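Chemist: Note that the numbering used here has the sequence shown beginning at 356, numbered continuously upward.
Glycine included, every Cβ here is placed at the ideal spot set by N, Cα and C.
Keep in mind that this is a model prediction, so the values were computed, not measured.
Below is one structure. I have some questions about it.
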Amino acid sequence: MTTHLPTDPRTEYLLRISIVWRGLFTLLSAAGAIFLWTGTLLPDSPLWQKIIITVTLVAASILSGIGAVQISRRNHSGRMISLVVDYLAFVICVVAALTIGEVFIGIDALAETFTSGLPYLGIVALGYFLGVLDEYFPQKQQNSETSLKAASRWVMLGGFALFLLQVGAINGILYFLGKLAQPAGIVSVAGVIIFGLSLWAMGRAATAQALHVKTNHEQILNGWLFLSPNLLGFLIFFAGPLVLSFYFSFTDSDAFNTPNWVGFANYAKILNVRFALLTSPDQLARDVVNIKVYDEVGRFIFGTRGILFAAADKFFWLALRNTLTFVLFAVPLSVIPALILSNVLNSKLPGMKFYRAIYFMPSIAAVVGISLVWQWLYNATVGYINYFITLGIDFWNNLFNLAIVDPKIQWVSDEKTALLAVVLIAAWQTMGFNTVLFLAGLQNIPGELYEAATVDGAGAWDKFWSITLPMLAPTTFYVVSTTTIQAMQVFEQVFILMNPAEGPNNSTITLVLYLYRSGFQNFQQGYASAIAWVLFIVIFGLTLIQFQRQRKSSIYES
């Protein structure tokens with residue numbers, strides 16, 4: 356049973372101040388939410404910013420009010436709420452102060468002059484070593500004028516001061532302080548001080564004891580504190596942009612002007628398609644569809660008739676076709692060879708560890724470097740791929756007196772082979788990683804199963820088909836799912852390998868590439884956001900189908 360000591364007067368005084376502060380913060384947050392919509396506060400901010408700030412202020416106001424009540428009742432939940440609210444507010448004020456003071460711009464400028472100050476950092480290092488020498492050769496008379504430690508301190512301070520002067524940091528600090536002297540800067544600095552003091556007051560051991568905080572409460576709080584950097588990063592840089600992109604998908608945002616709400620117009624344009632019957636294979640599209648609204652995407656010919664497929668956004672459907680085609684070829688070429696190779700590498704032959712590392716290396720190599728190397732290999736004139744094809748054709752022609760014509764394949768400039776060239780790069784790069792995953796799955800299969808199968812007279816193929824594949828079902832599901840998701844998001848290889856990136860006759864335009872073109876080159880941020888969410892739905896649908904099929908496997912369920 357836990358006993359609580361009487362609260363000392365200082366702690367009681369701090370608790371009363373905390374209650375007043377929580378109540379004042381409740382009123383200030385509520386007032387800020389109201390003034391935001393009356394135009395008094397941030398009058399030029401867009402609607403989405405007002406919504407986010409309003410939700411934040413209302414939540415802070417409610418939580419702060421609850422915290423004040425709980426602290427007055429000497430409940431530990433009041434301390435927890437106070438610490439969470441003040442911690443988040445403290446982080447916001449610190450970021451605001453750094454932004455207002457243009458610290459991030461200053462760091463970028465410091466990078467240009469940093470090398471000129473390196474010799475003076477050498478003086479700092481020299482001073483540090485003087486302090487180290489003082490520990491090995493202690494002086495008999497220790498005083499500030501003669502000791503090595505004092506000399507070390509002054510040398511380090513002098514070297515650091517010279518470094519700041521050399522790189523221009525003094526002017527930067529003065530500029531930073533000048534920026535903070537503005538009203539917005541003063542408010543942010545005041546927020547840092549006030550919320551920092553509140554955190555200190557609530558974080559004291561005496562305060563925790565007065566509010567009857569138990570050990571498990573402290574453990575929970577410390578756990579969330581350690582998680583907070585990653586959690587805040589996730590909320591700010593992933594969850595936040597995800598929600599904003601969903602909002603922008605219903606607007607006509609162009610990244611410059613205030614976005615207007617257009618509802619489902621972006622999605623309607625993407626999904627606005629038309630199928631029309633053709634009386635002849637070469638019938639003109641304008642005879643069956645309104646070419647002012649629809650563009651021809653493709654034709655399905657059967658006999659003397661056909662079906663015309665037209666869409667309001669032709670390039671989206673071309674990108675979807677190319678992406679699905681890429682997935683259809685890249686995924687099997689990344690998975691099946693990896694499965695076969697993993698079985699070979701799982702054998703106990705000498706040198707297998709070396710080959711495992713060799714096959715994994717393409718997976719950790721930079722995509723840019725790999726794409727540039729393959730771009731050279733694909734060169735129709737001096738590339739090694741065409742060179743070896745020519746050598747092979749010449750060999751067979753000379754050996755059997757044949758007349759095989761060298762095709763001189765234009766790998767990246769022919770629409771028939773451009774997408775295949777990208778498929779080969781992606782499959783080659785992904786195969787090594789998938790091999791490692793399959794290898795891990797193989798090593799988890801009990802050896803007793805293979806021994807029992809050998810006793811029963813099973814051959815190598817029977818073991819592979821009846822033991823290896825069923826037992827690898829969970830690994831196969833993971834490999835296929837992740838490889839499919841990665842293939843649906845193909846961008847880097849296409850963007851670097853092709854010139855232009857869309858390839859000849861749009862043969863390599865993919866959904867992510869089209870999203871990039873729409874959002875960052877045509878500045879159709881709203882439409883690009885809609886494309887992103889359609890891509891998410893397609894990926895989610897494919898993954899869900901794979902998951903439902905895999906759940907039917909008894910091996911996976913066990």
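1. What span of residues does the alpha helix (DSSP H) with residue 713 cover, start to end?
2. Name, in chain order, the residues that DSSP records as bridge partners for residue 650.
3. Pull up the distance between the alpha-carbon of residue 476 and that of residue 461, whole angstroms please.
4. Starting from residue 630, trace the beta strand (DSSP E) in both directions and tell me its first and last residue.
5. Which residues bound the alpha helix (DSSP H) around residue 372?
6. In angstroms, rounded to a whole number, what distance separates the CA positions of residue 511 and residue 533?
7. Going by DSSP in three states, residue 656 sits in which element: helix, strand or coil?
8. In whole angstroms, what is the alpha-carbon distance linking residue 572 and residue 828?
9. In terms of alpha-carbon separation, which member of 365, 624, 852 lies closest to residue 559?
10. Can you list, in chain order, the residues of its chain whose CB lies under 8 Å from that of residue 666, leaving out five sequence neighbours each side?
11. At 3 residues or longer, what runs of the beta strand (DSSP E) sit wholly inside the region 412-438?
12. Please work out which residues of its chain come closer than 8 Å, Cβ to Cβ, to residue 819, disregarding the five sequence neighbours upstream and downstream, and give them in chain order.
13. Starting from residue 790, trace the alpha helix (DSSP H) in both directions and tell me its first and last residue.
14. Report, in whole angstroms, the separation of the C-beta atoms of residue 852 and residue 767, which I expect to be a contact under 8 Å.
15. In whole angstroms, what separates the C-alpha of residue 372 from that of residue 413?
16. List the DSSP bridge partners of residue 820.
17. With 16 other CB atoms within 10 Å as the buried threshold, where does residue 902 fall?
18. How would you label residue 442, buried or exposed, when you count the other beta carbons within 10 angstroms and need 16 or more for buried?
19. Where does residue 499 fall in DSSP's three states?
20. Any idea if residue 758 is buried or exposed, counting beta-carbon neighbours within 10 angstroms, 16 or more meaning buried?
21. Around the C-beta of residue 724, are 16 or more other C-beta atoms found within 10 angstroms, so that it is buried, or is it exposed?
22. Please confirm if residue 781 has its CB atom under 8 Å from at least one CB of chain B.
Modeler: For this structure:
1. Taking the first residue of the sequence shown as position 1, residue 713 is located at position 358. Segment 707-719, the alpha helix (DSSP H) holding residue 713.
2. Counting from one through the sequence shown, the residue named residue 650 turns up at place 295. Answer is 666.
3. The count along the sequence shown starts at 1 and reaches residue 476 at position 121. The count along the sequence shown starts at 1 and reaches residue 461 at position 106. If I take the Cα positions, the gap works out to 19 Å.
4. Working through the sequence shown from its first residue, we reach residue 630 at position 275. Start and end: 628-633.
5. What you label residue 372 is simply residue 17 of the sequence shown in a count that begins at 1. That run of the alpha helix (DSSP H) goes 364-393.
6. As a working note, residue 511 is residue 156 in the sequence shown. As a working note, residue 533 is residue 178 in the sequence shown. When rounded, the distance between both Cα atoms is 28 Å.
7. Position 301 of the sequence shown, counted from the start, is the residue given in the question as residue 656. In the structure shown, residue 656 sits in a strand (DSSP, three-state: E or B).
8. Numbered from its first residue, the sequence shown carries residue 572 at position 217. Numbered from its first residue, the sequence shown carries residue 828 at position 473. Distance between the alpha carbons of residue 572 and residue 828: 42 Å.
9. On the sequence shown, residue 559 is found 204 positions in, with the first residue counted as 1. Checked all of 365, 624, 852; the closest Cα to residue 559 is 365.
10. The count along the sequence shown starts at 1 and reaches residue 666 at position 311. The answer, listed in chain order, is 627, 628, 629, 649, 650, 652, 672.
11. none
12. Position 464 of the sequence shown holds residue 819. Taken in chain order, the residues that qualify are 698.
13. Position 435 of the sequence shown, counted from the start, is the residue given in the question as residue 790. Start and end: 773-798.
14. The count along the sequence shown starts at 1 and reaches residue 852 at position 497. The count along the sequence shown starts at 1 and reaches residue 767 at position 412. Between residue 767 and residue 852 the Cβ distance is about 6 Å, and since that is below 8 Å, they are a contact.
15. Reading the sequence shown from its first residue, position 17 is the one you call residue 372. Reading the sequence shown from its first residue, position 58 is the one you call residue 413. Each residue's alpha carbon lies about 22 Å from the other.
16. Here residue 820 refers to the residue found at position 465 of the sequence shown. Answer is none; residue 820 lacks a bridge partner.
17. The count along the sequence shown starts at 1 and reaches residue 902 at position 547. The residue in question, residue 902, is exposed, as its Cβ has fewer than 16 Cβ neighbours within 10 Å.
18. Locating residue 442 in the sequence shown gives position 87, where the first residue counts as 1. The residue in question, residue 442, is buried, as its Cβ has 16 or more Cβ neighbours within 10 Å.
19. Against the sequence shown, residue 499 aligns to sequence position 144. Because residue 499 carries a pLDDT of 44, less than 50, the predicted location of this residue cannot be relied on, and the following value inherits that uncertainty. Residue 499 falls in the coil class under three-state DSSP.
20. On the sequence shown, residue 758 is found 403 positions in, with the first residue counted as 1. Exposed: under 16 other Cβ atoms inside 10 Å.
21. One-based indexing of the sequence shown puts residue 724 at position 369. That one is exposed.
22. Looking at the structure shown, chain B is missing, and only one protein chain is on hand.
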